[in-house]
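This report refers to the structure that appears directly beneath it.
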Amino acid sequence: MAILLWLLPAAVVTLLAMAWVSWAGRTRPEPLPVSSDEDARERIARALARENPAIGRVVPAQRAEPSSGVVVRPSAPGPSKSARRIGSGFGQSEKVALVNRRSAALVTAFVLFLACAGMIAIAGVPYIRYQPGPTVNVLGERDGEPIVTIEGARRYPTDGQLRMTTVSSTRPDATLGLVPALLAWVNPSDTLYPFKAIYPDPTSNEQEVEKSHQEMVDSQDHAVAAAFLQLGYDVTSPQVSDVSADGPSNGILEPGDIIDKVDGKVVSIREDVARLVSSHEPGSIARLAIQRDKKTKVVKIETVANPQDPERAMIGVTMEPGNQFDFPFEVQVNIPDSIGGPSAGLIFALSIYDTLTKGDLTGGLDIAGTGTTDSEGNIGPIGGIRQKIWASQDAGAKLFLVPPGNCAEALDTELDTDIRLARADTVASAIDSINKFVADPGAELPTCPRDTGSAP
13 MAILLWLLPA AVVTLLAMAW VSWAGRTRPE PLPVSSDEDA RERIARALAR
63 ENPAIGRVVP AQRAEPSSGV VVRPSAPGPS KSARRIGSGF GQSEKVALVN
113 RRSAALVTAF VLFLACAGMI AIAGVPYIRY QPGPTVNVLG ERDGEPIVTI
163 EGARRYPTDG QLRMTTVSST RPDATLGLVP ALLAWVNPSD TLYPFKAIYP
213 DPTSNEQEVE KSHQEMVDSQ DHAVAAAFLQ LGYDVTSPQV SDVSADGPSN
263 GILEPGDIID KVDGKVVSIR EDVARLVSSH EPGSIARLAI QRDKKTKVVK
313 IETVANPQDP ERAMIGVTME PGNQFDFPFE VQVNIPDSIG GPSAGLIFAL
363 SIYDTLTKGD LTGGLDIAGT GTTDSEGNIG PIGGIRQKIW ASQDAGAKLF
413 LVPPGNCAEA LDTELDTDIR LARADTVASA IDSINKFVAD PGAELPTCPR
463 DTGSAP
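In this note's numbering, the protein residues as written are 13 to 468.
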């Protein structure tokens, strides 16, 4: 509705113009002068006769005197109401002038409305338009080469399609006209966002392209890590993001330390570290092999009881997924430079998993989805979920994987096909949903709850 407010100035100017023209051209009806001229009196008499024949009739004068050309025989003495009405009404010239003034008011208002709307259209409105963009089957080819290539690994054939989805949006240095904005407002597949909500800081198109390209590269690395983790490879280690000031690790561990092992056991994800540390008796010593400044060393930390569960031990650190990787195979993604952003992480991970495993994950079906992924396979929210679902629907996809953080908007998307939406919290849960859907398209899948719009 906010986009309609940009028509308000044009509407206000139009109303003011109509009011001014009406006021400037106002007129007061004046009595029609009764002339002694024979033709004038004859016109009045004929008008009375046509209006009510019972009043009288018009006859030629018995005496041809200049002062009395007609004789009117009224049905009752005294001046009639019709005569008084005609005598005090508008004449023909006054009626024509009034119509002309009204026409001038309408024409002037219409011209001013078009002028104001045109100025707004040229200047543009401060909104960004999101439209469905193209979809890409990452199991397919581009320019005769596979989109995803894995060097040194055995590839297995795939028959279906895994579609990454995109959004077409207004560039930061472009202007969105009023007409396109109104069309987007009425189009269910489009969404308008305030300019500052998408580009809070001043930026150029070149800067956004570079940022988007870097996000794409980073998302590919995390997707590869998540896929290899799903295949059982240890390709990364969690790292320390924060150390509690009053915890046992203070002065021993630092933010940025990479934890490779706990008590001699290799760890790949944060849950591995938490599980091994919590298995200690509170007060016992945990030995951690860490990397700091490209050097490896082993540190000893005395565990303490977890305040929320006194029987479990902790070391007082916060961890995050690792961002340094050691992949068993080299993976390359052949995506056009015009496509960027981090939202294809889930689909990249699924395509690598499908390529390196026997059988056909998609079962020959067309499956689409979106979502960022970290190196541990957790799926994060993205922008433009509505447009991506519409694009997938138009491409013929049968199943769409939705990040849990986009549930609310996904549920509000108006669809005209039977494409199914399945919530994907992790790469593992997405694989499980696909397997169930391929086996039975009517199978129960993780969904977005209608009451909260987020994962339970």
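Note that beta-carbon positions come from the ideal geometry of N, C-alpha and C, so glycine has one too.
Which residues in the same chain as residue 246 place their Cβ atom closer than 7 Å to its Cβ, once the five residues preceding and following it in sequence are excluded?
278, 280
I need the boundaries of the alpha helix (DSSP H) containing residue 399, first residue and last residue.
397 to 407
Leaving aside the five residues before and after residue 465 along the sequence, list all residues of the same chain whose C-beta is less than 7 Å from its C-beta, in chain order.
Since pLDDT at residue 465 reaches only 42, below the 50 mark, its modelled position is unreliable, and no value is offered.
Have a look at residue 303 and residue 449 and give me their C-alpha separation to the nearest angstrom.
43 Å
Where the alpha helix (DSSP H) through residue 231 begins and ends
217 to 242
According to DSSP, is residue 421 part of a helix, a strand, or is it coil?
helix
Are three or more beta carbon pairs between the segment 342 to 360 and the segment 193 to 205 nearer than 8 Å?
no
Within a Cβ cutoff of 7 Å, which residues of the same chain sit near residue 232, ignoring the five residues on either side of it in sequence?
345, 360
Do residue 469 and residue 301 have their CB atoms nearer than 9 Å?
This structure does not reach residue 469, given that the chain is present from 13 up to 468, and the question cannot be answered.
When we look at the beta-carbon of residue 169 and count the other beta-carbons within 10 Å, is it buried (16 or more) or exposed?
exposed
Hey, how far is the Cα of residue 262 from the Cα of residue 313?
10 Å
Own chain, CB closer than 6 Å to residue 148, minus 5 neighbours either side, in chain order
176
Within 9 Å, strictly: CB atoms of residue 352 and residue 223
yes
Rounded separation between residue 329 and residue 338 - CA only
24 Å
What are the residues that DSSP puts in a beta bridge with residue 7?
Because the chain is modelled from 13 through 468, residue 7 falls outside the range shown and cannot be assessed.
Quick one: what does DSSP say residue 48 is sitting in, helix, strand or coil?
Unreliable positioning characterises residue 48 in this predicted model, as indicated by a pLDDT of 49, which lies under 50. A coordinate reading is not provided.
Around the Cβ of residue 267, are there at least 16 other Cβ atoms within 10 angstroms (buried) or fewer (exposed)?
exposed
Tell me the residue span of the alpha helix (DSSP H) that contains residue 254.
Not the alpha helix (DSSP H): residue 254 falls in the beta strand (DSSP E), residues 251 to 255.
I'd like the list of long-range same chain contacts for residue 181, defined as Cβ closer than 7 Å, with 5 residues on each side in sequence excluded.
140, 141, 142
Pair within 9 Å by beta-carbon distance, residue 405 and residue 429
yes
Enumerate in chain order the residues of its own chain whose CB-to-CB distance from residue 158 is below 6 Å, with the five nearest sequence positions on each side excluded.
none
Measure the Cβ-Cβ separation of residue 190 and residue 137 and say whether it is below 9 Å.
yes
Pair within 9 Å by beta-carbon distance, residue 265 and residue 311
yes
With residue 142 as the anchor, note down where its beta strand (DSSP E) starts and where it stops.
139 to 149
Quick check: what's the CA-CA separation for residue 272 versus residue 437?
26 Å
Taking DSSP's pairing of strands, which residues face residue 173 in a bridge?
378
Bounding residues of the beta strand (DSSP E) (the contiguous stretch that carries residue 271)
270 to 274
Cα separation between residue 322 and residue 286?
15 Å
With the cut-off set at 9 Å, would you say residue 400 and residue 172 are in Cβ contact?
no
Under a Cβ-count criterion, where at least 16 other Cβ atoms within 10 Å of its own Cβ denotes burial, should residue 269 be classed as buried or exposed?
buried
Boundaries (first-last residue) of the alpha helix (DSSP H) holding residue 191:
190 to 198
Given a threshold of 16 other Cβ atoms within 10 Å of its Cβ, counted over all protein chains shown, does residue 282 qualify as buried or as exposed?
buried
Should residue 378 and residue 407 be called a contact, given that it needs their Cβ atoms to be closer than 9 Å?
yes
Assuming the contact rule is C-beta atoms closer than 8 Å, residue 458 and residue 440 should be a hit. Round their C-beta distance to whole Å, please.
So it is not a contact: roughly 12 Å between Cβ atoms.
Excluding sequence positions up to five away, which residues of its chain have a Cβ less than 7 Å from the Cβ of residue 217?
183, 184, 185
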